[in-house]
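**Student:** Take this structure first; my questions come after.
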Amino acid sequence: MRIGVLALQGAFAAHCECLSSIGVEPVEIRTPAQLETVDALLMPGGESSTMSQLLESSGLFDAITERLASGMPTFGTCAGMILLASEVLDGRSDQRNFSAIDISVRRNAFGRQVDSFESSISTPIGEFHGVFIRAPRIERVGTAVEVIGSLGDEPVLVRQGNVLAASFHPELTSDARLHEYFVSTMSNTRKV
Ligand code: GLN
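4 is the number of the first residue of the sequence shown in my numbering; add one for each residue after it.
Shown next, in the form of structure tokens:
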């Protein structure tokens with residue numbers, strides 16, 4: 004499986020390092036033509052409103068929408084999760100999202116930059132060290148969505164079909180187990 008990393012803005016280099024550390028060669032994605040060459044996509048943290056603008060100007064917004072509709076395995080972290088959500092609260096008025104996972108997320112709801120924090124997250128695949136940076140809070144989870152990881156009572160790692168989303172940044176720790184989980188559990192449903 005060839006894995007792309009959306010490389011318009013944000014922490015994409017860290018995702019690439021995580022993939023390399025588990026023996027997967029990352030492909031940086033900046034154009035629709037590059038997207039065509041991959042089977043799955045990682046969307047990094049960063050600034051979702053800026054990413055939304057760059058997705059539109061690059062032509063990637065429509066290209067990714069099509070691929071998501073045909074089941075492309077996709078993993079979004081933080082801003083990437085905001086982009087994948089079905090509802091974005093406190094977004095910029097011109098900000099767009101893919102509605103690929105049935106969750107409502109509120110931007111910056113865990114506080115401003117100074118309020119960023121780290122905490123332990125329990126999941127069925129182990130404990131993770133969660134890095135939260137101006138993180139979105141998941142305020143609603145649809146019935147088709149599986150909560151995989153929580154911080155106390157709050158969902159922070161969710162999955163619907165081939166779409167996985169985290170409100171924290173697994174790519175900013177040297178722990179690549181979530182990348183491994185993504186690579187090993189998502190089925191490639193690409194129609195050739
Ligand atoms: N607050 C950012 C946004 O709204 C997300 C922060 C992050 O990705 N670390 O896009």
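All C-beta atoms, glycine included, are put in the ideal place defined by N, C-alpha and C.
Mind checking whether the beta-carbon of SER201 lies closer than 7 angstroms to any heavy atom of ligand 1?
**Tutor:** Limits of the chain in this structure are 4 at one end and 195 at the other, which puts residue 201 out of reach.
**Student:** Less than 8 angstroms between the C-beta atoms of ILE141 and SER119, yes or no?
**Tutor:** No, the Cβ-Cβ distance between ILE141 and SER119 is not below 8 angstroms.
**Student:** To test your reading of the DSSP string, which unbroken alpha helix (DSSP H) runs of 4 or more residues are found completely within the stretch 4-35?
**Tutor:** Fully enclosed alpha helix (DSSP H) runs of 4 or longer: 15-24.
**Student:** With a threshold of 7 angstroms, establish whether the CB of GLY48 neighbours any heavy atom of ligand 1.
**Tutor:** Yes - ligand 1 has a heavy atom lying nearer than 7 angstroms to the Cβ of GLY48.
**Student:** What's the C-alpha gap between CYS19 and ASP156?
**Tutor:** Rounded to whole angstroms, CYS19 to ASP156 spans 31 angstroms at the Cα level.
**Student:** Rounded to a whole number of angstroms, what is the C-alpha to C-alpha distance between SER73 and PRO127?
**Tutor:** Approximately 28 angstroms, taken between the alpha carbons.
**Student:** Compute the distance between the beta-carbons of LEU38 and THR77, then report whether it is under 8 angstroms.
**Tutor:** Not in contact: LEU38 and THR77 (Cβ atoms no closer than 8 angstroms).
**Student:** To the nearest angstrom, how far is it from the Cα of VAL41 to the Cα of THR68?
**Tutor:** Those two C-alpha atoms are separated by around 15 angstroms.
**Student:** Just to confirm before moving on: does the CB-CB distance between LEU86 and ARG109 stay below 8 angstroms?
**Tutor:** Cβ atoms of LEU86 and ARG109: not closer than 8 angstroms.
**Student:** Express the C-alpha separation of PRO158 and GLN12 in angstroms, rounding to a whole number.
**Tutor:** So the two alpha carbons sit approximately 26 angstroms from each other.
**Student:** Flag ASN100 as yes when its Cβ comes closer than 7 angstroms to any non-hydrogen atom of ligand 1, and as no otherwise.
**Tutor:** False, no ligand heavy atom lies under 7 angstroms from that Cβ.
**Student:** Cutting at 6 angstroms between CB atoms, please list the residues of its own chain near LEU181, excluding the five before and the five after it.
**Tutor:** So the list reads PRO173, once near-sequence residues are dropped.
**Student:** For the candidate residues PHE101, GLY133, SER61, whose alpha-carbon lies nearest to that of ALA169?
**Tutor:** Nearest option by C-alpha distance: GLY133.
**Student:** For GLY74, which three-state DSSP category applies?
**Tutor:** Reduced to three states, the DSSP call for GLY74 is coil.
**Student:** What number of angstroms, rounded off, separates the C-alpha of SER51 from the C-alpha of SER61?
**Tutor:** Roughly 15 angstroms between the two C-alpha positions.
**Student:** Does the distance between the C-beta of ASN165 and the nearest non-hydrogen atom of ligand 1 fall short of 7 angstroms?
**Tutor:** Flag unset: Cβ of ASN165 not near ligand 1.
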